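J.:
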Amino acid sequence: MELLAAAASPYVSKVVMAAHHAGVEIDVVNVDATNGDPRLDKANPLAKIPCLVLEDGTGLFDSRVITRHLDRVGNGKLFPTAQPHLAERYEALCDGLNDVTVGGIYEMRFRPEDKVHQPWLDRLWDKANRALTAIADDLPETGANLNIGGIALAASLGYLDLRYAGKWEDAHPAVRKWQQGFATDHADLAALLPSA
8 MELLAAAASP YVSKVVMAAH HAGVEIDVVN VDATNGDPRL DKANPLAKIP
58 CLVLEDGTGL FDSRVITRHL DRVGNGKLFP TAQPHLAERY EALCDGLNDV
108 TVGGIYEMRF RPEDKVHQPW LDRLWDKANR ALTAIADDLP ETGANLNIGG
158 IALAASLGYL DLRYAGKWED AHPAVRKWQQ GFATDHADLA ALLPSA
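According to my numbering, the sequence shown is numbered sequentially starting from 8.
(1) If I follow the unbroken beta strand (DSSP E) through ALA12, where does it start and stop?
(2) Quick check on LYS207: buried or exposed, where buried means 16 or more other Cβ atoms within 10 Å of its Cβ?
(3) Helix or strand or just coil, what does DSSP make of GLY165?
(4) Identify every run of the beta strand (DSSP E) within the segment 105 to 144, keeping only runs that are complete inside it and at least 3 residues long; order them along the chain.
(5) Distance, Cα to Cα, ASP155 vs GLY103?
(6) Could you give the first and the last residue of the continuous beta strand (DSSP E) run that contains ASP34?
(7) For VAL60, report the span of its beta strand (DSSP E) as first-last.
(8) Rounded to whole angstroms, what is the Cα-Cα separation between ASP192 and GLY157?
(9) To the nearest angstrom, how far is it from the Cα of LEU61 to the Cα of GLU32?
(10) Roughly how many whole angstroms lie between the Cα atoms of PRO91 and GLY66?
(11) Quick one: give me the first and last residue of the alpha helix (DSSP H) that PRO180 is part of.
(12) Checking the sheet assignment: what are the DSSP bridge partners for GLY66?
(13) Using the beta-carbon count (16 or more within 10 Å), is TRP127 buried or exposed?
(14) With a threshold of 7 Å on Cβ separation, who are the neighbours of GLY150 within its own chain once the five nearest residues in sequence on each side are excluded?
(15) Under the rule that 16 or more other beta-carbon atoms within 10 Å means buried, what is PHE68, buried or exposed?
(16) Can you tell which of VAL36, ARG183, ARG75 has its C-alpha closest to the C-alpha of ILE56?
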């Protein structure tokens with residue numbers, strides 16, 4: 008299987024860590040989703056990453072569909088058999104955090120400076136803070152029972168470190184401590200966090 012990807016994406020990082028944790032080998036191929044790539048256009052009509060291309064050429068997207076597939080073909084460690092909805096909810100919360108943080112970067116990167124809408128950026132950051140507060144109230148396990156919820160959170164926090172370093176950590180010390188524990192407990196996965 009081939010994963011069409013971009014190294015900075017928290018969604019891609021989540022999928023790559025999930026594949027590793029599930030014991031599924033994938034080939035990661037970085038593509039330019041912003042300016043277009045024929046391989047991505049063919050595999051996903053929305054031209055969004057990540058996109059997992061199966062052996063028969065079928066493209067799977069979005070990241071939640073891909074993680075479910077990896078769980079089915081892998082070792083079954085991503086979604087617990089008892090109360091899988093809790094892991095799914097956590098993954099959705101972290102994907103929502105990604106939506107607002109990536110959206111903020113796009114607002115600043117793709118608009119002329121005089122057209123950046125600061126009230127919108129403020130609204131997005133309010134959502135990110137609320138998500139981080141909710142996460143702090145119910146942090147997932149990082150040990151032997153690690154599932155997609157913890158993997159999704161690690162990817163989201165890795166993206167925050169990449170794009171918003173110094174902006175979130177002081178307000179959410181419990182989340183930062185969890186992140187440090189994840190890096191210690193799962194150094195192999197922490198090596199797969201978003202990167203420039």
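We treat Cβ as the ideally placed atom computed from N, Cα and C, and that holds for glycine.
Predicted, not measured: the structure shown is a model, and the values here were computed from it.
T.: Taking the structure as given:
(1) If you number the sequence shown from 1, residue 12 lands on position 5. For ALA12, the enclosing beta strand (DSSP E) stretches over residues 9 to 12.
(2) In the structure displayed, the chain extends from 8 to 203; residue 207 sits before or after that span and is not available.
(3) Within the sequence shown, residue 165 is the residue found at index 158, counting from 1. DSSP, read as helix, strand or coil, puts GLY165 in helix.
(4) Qualifying beta strand (DSSP E) stretches: none in this window.
(5) Against the sequence shown, residue 155 aligns to sequence position 148. Against the sequence shown, residue 103 aligns to sequence position 96. The residue asked about is misnamed: residue 155 is Ile in this sequence, not Asp. The alpha-carbon atoms of ILE155 and GLY103 are separated by roughly 15 Å.
(6) Along the sequence shown, one-based indexing puts residue 34 at 27. Counting along the chain, the unbroken beta strand (DSSP E) around ASP34 starts and ends at 34 to 37.
(7) On the sequence shown, position 53 is the one that residue 60 refers to. Start and end: 58 to 60.
(8) Counted from its first residue, the sequence shown places residue 192 at position 185. Counted from its first residue, the sequence shown places residue 157 at position 150. Within the model, the alpha-carbon separation for ASP192 versus GLY157 is close to 12 Å.
(9) Here residue 61 refers to the residue found at position 54 of the sequence shown. Here residue 32 refers to the residue found at position 25 of the sequence shown. Straight across, the Cα-Cα distance linking LEU61 with GLU32 is about 12 Å.
(10) Residue mapping note: residue 91 aligns to position 84 of the sequence shown, counting from 1. Residue mapping note: residue 66 aligns to position 59 of the sequence shown, counting from 1. Using only the alpha carbons, I get a separation of about 25 Å.
(11) Numbered from its first residue, the sequence shown carries residue 180 at position 173. Unbroken alpha helix (DSSP H) run through PRO180: 180 to 192.
(12) Translated into the one-based positions of the sequence shown, residue 66 becomes position 59. In the DSSP assignment, GLY66 forms a beta bridge with VAL60.
(13) Against the sequence shown, residue 127 aligns to sequence position 120. So TRP127 ends up on the exposed side.
(14) Position 143 of the sequence shown, counting from 1, holds the residue named residue 150. Cβ within range, chain order: ASP192.
(15) Translated into the one-based positions of the sequence shown, residue 68 becomes position 61. Buried, since its Cβ has 16 or more Cβ neighbours within 10 Å.
(16) The residue labelled residue 56 in the question sits at position 49 within the sequence shown. The option with the nearest alpha carbon to ILE56 is VAL36.
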